[in-house]
Amino acid sequence: VKAWLDENTGELMIPFSAEFELECVGMEKDELEKYLEESKTKSMMNKIVKTGFSALNLQYFFTTGADEVRAWTVAKETKAPACGGRIHTDFEKGFICAEVMNFVDWKEHGSEAACKAVGKYRQQGREYVVQDGDIILFKVNAGAGLKKK
191 VKAWLDENTG ELMIPFSAEF ELECVGMEKD ELEKYLEESK TKSMMNKIVK TGFSALNLQY
251 FFTTGADEVR AWTVAKETKA PACGGRIHTD FEKGFICAEV MNFVDWKEHG SEAACKAVGK
311 YRQQGREYVV QDGDIILFKV NAGAGLKKK
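In structure tokens form, the structure reads like this:
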């Protein structure tokens, strides 16, 4: 099958066992690591997900709150107001700006305050194209789009 794909399409093939992956999904991290080591194999799930996201032209952005972090899926090249609209339509209608830092920068510097201190936290406007891994705080006009009676 791989030889035919290489010759006729050039598409990627990811061999995997659905039964094996199903077993892995239900395991705790320590149990999974031991099982994979004993089996002398590895799960292909990460590769399947990453390859699928790439093939579908998708990416993540994150929002945070005091007790929650949420990942949102959007198409690549999506502008900030439309990403806000994934959360709630009022976020798109009343978009003012997006305060943005990237996850890689946050991980490197350790906090939002540290990202601000080194200039990695910025305000972006309507034309900002959200990047994979952006952490965004949307500023919106809560009354935008509301009609007066």
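Sequential numbering from 191 applies to the sequence shown in the numbering used here. Heads up, the beta-carbon is just placed ideally off N, CA and C, and yes, glycines get one too.
Mind checking whether A245 and Y318 have CB atoms under 8 Å apart? Indexing the sequence shown from 1 puts residue 245 at position 55. Indexing the sequence shown from 1 puts residue 318 at position 128. If you check the CB distance, A245 and Y318 do not come in under 8 Å.
Given that a residue counts as buried once 16 or more other Cβ atoms are within 10 Å of its Cβ, and exposed if not, what is E227? Position 37 of the sequence shown, counting from 1, holds the residue named residue 227. Counting the other Cβ atoms within 10 Å of the Cβ of E227 gives fewer than 16, which makes it exposed.
Could you work out which residue in V330, D324, V308 is closest to T268 when comparing CA atoms only? The residue labelled residue 268 in the question sits at position 78 within the sequence shown. Considering only alpha carbons, the answer is D324.
Going along the chain, which residues of its own chain have a beta-carbon closer than 7 Å to the beta-carbon of V259, five neighbours each way excluded? Numbered from its first residue, the sequence shown carries residue 259 at position 69. Closer than 7 Å at Cβ, skipping near neighbours: F252.
Would you decide whether Q313 is buried or exposed? Buried here means 16 or more other CB atoms lie within 10 Å of its CB. Within the sequence shown, residue 313 is the residue found at index 123, counting from 1. That one is exposed.
According to DSSP, is T254 part of a helix, a strand, or is it coil? Position 64 of the sequence shown, counted from the start, is the residue given in the question as residue 254. In this structure, T254 counts as strand in the three-state DSSP scheme.
Would F285 and V330 qualify as a contact pair, given that the criterion is a beta-carbon distance under 8 Å? The sequence position of residue 285 within the sequence shown is 95, counting from 1. The sequence position of residue 330 within the sequence shown is 140, counting from 1. Contact flag set, yes.
Please state whether the Cβ-Cβ distance between S233 and E211 is less than 8 Å. Taking the first residue of the sequence shown as position 1, residue 233 is located at position 43. Taking the first residue of the sequence shown as position 1, residue 211 is located at position 21. S233 is a Cβ neighbour of E211, given a cutoff of 8 Å.
Identify which residue in G309, L327, A265, K306 has its Cα closest to the Cα of C287. Position 97 of the sequence shown, counting from 1, holds the residue named residue 287. Among G309, L327, A265, K306, the Cα nearest to that of C287 belongs to L327.
Does the Cβ of E201 have 16 or more other Cβ atoms within 10 Å, making it buried, or fewer, making it exposed? Taking the first residue of the sequence shown as 1, we reach residue 201 at position 11. It counts as exposed.
Keeping to the same chain, check which residues put their C-beta closer than 7 Å to that of L195; ignore five residues upstream and five downstream. Numbered from its first residue, the sequence shown carries residue 195 at position 5. Take L195, set aside five residues on each side of it, and the residues of its chain with a beta-carbon closer than 7 Å to its own are E201, M203, in chain order.
According to DSSP, residues forming a beta bridge with A265: On the sequence shown, residue 265 is found 75 positions in, with the first residue counted as 1. Beta-bridge pairing links A265 to L248.
For F206, is the classification buried or exposed, using 16 other Cβ atoms within 10 angstroms of its Cβ as the cut-off for buried? Position 16 of the sequence shown, counted from the first residue, corresponds to residue 206. If you draw a 10 Å sphere on the C-beta of F206, you find fewer than 16 other C-beta atoms in it, and that means exposed.
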